[in-house]
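In the numbering used here, each number is its position in the sequence shown, counted from 1, plus 31.
Don't be surprised by glycine CBs; every beta carbon is placed ideally from N, CA and C.
All of these numbers come straight from a predicted model, not from anything done at the bench.
Here the structure comes first, spelled out in structure tokens, and everything after it is commentary.
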Amino acid sequence: KLVDFGLAERQLQQHTNVVPQRRDTNSDSEGSSRGAAALQFRAPELFDDATSAATPAADIFALGLTLYYVWSGGAAPWDELPGTPDVCVARVRGGWRPSIPPGTPIAAAALISHCWCGDVSVRPTAGELAVLLNRRTVDMLAVERAEALPAILRRVPPFA
């Protein structure tokens, strides 16, 4: 299970003028964000109804968007998609995804695209991702210049 401890809401507020809305915590269901921040990393199948529960496949979709966020240098996933939340949801359900950031290594771009596939049966499982990442990490970070690395990775000190 992927957990962000509310970090998505903070990032959304920093990068956009959208204020996340919280679901009524007095309801019978557990309180969680159903507002704009949740929308940013929500899998298309979870838009089908308000009671849709997250699944492992939805978590993989969110991971793909998180990887996009890293390689884009911190751009919110749907920044390039104009319109109201309802219009954005319709576009995402229809298959629209953000453009892969320039400079993203081919292996990383393929992984991101695989994670946010609209067909949940085609998305990799967490186990498949672990195997792939163990084999392909070097390819995913293969860049010709340090400047091409995502900003978040450039701040990580090298191993001694």
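Original post:
In three-state terms, what does DSSP make of residue 148?
Top reply: coil
**OP:** Leaving out five residues on either side along the sequence, give the residues of the same chain with a beta carbon under 7 Å from the beta carbon of residue 112.
**Re:** 119, 122 and 127
Original post:
Nearest-angstrom Cα distance between residue 87 and residue 141?
Top reply: 19 Å
Original post:
Any idea if residue 104 is buried or exposed, counting beta-carbon neighbours within 10 angstroms, 16 or more meaning buried?
Top reply: exposed
Subject >> Residue nearest to residue 138 in terms of C-alpha spacing, selected from 160, 83, 89 and 153 >> reply: 160
Subject >> Proximity of residue 116 and residue 129 at Cβ, strictly below 8 Å >> reply: no
Subject >> Buried or exposed by the 16-neighbour rule on C-beta atoms within 10 Å, applied to residue 133 >> reply: exposed
**OP:** Quick one: give me the first and last residue of the alpha helix (DSSP H) that residue 104 is part of.
**Re:** That residue, residue 104, is in no alpha helix (DSSP H); it is neither H nor E in DSSP.
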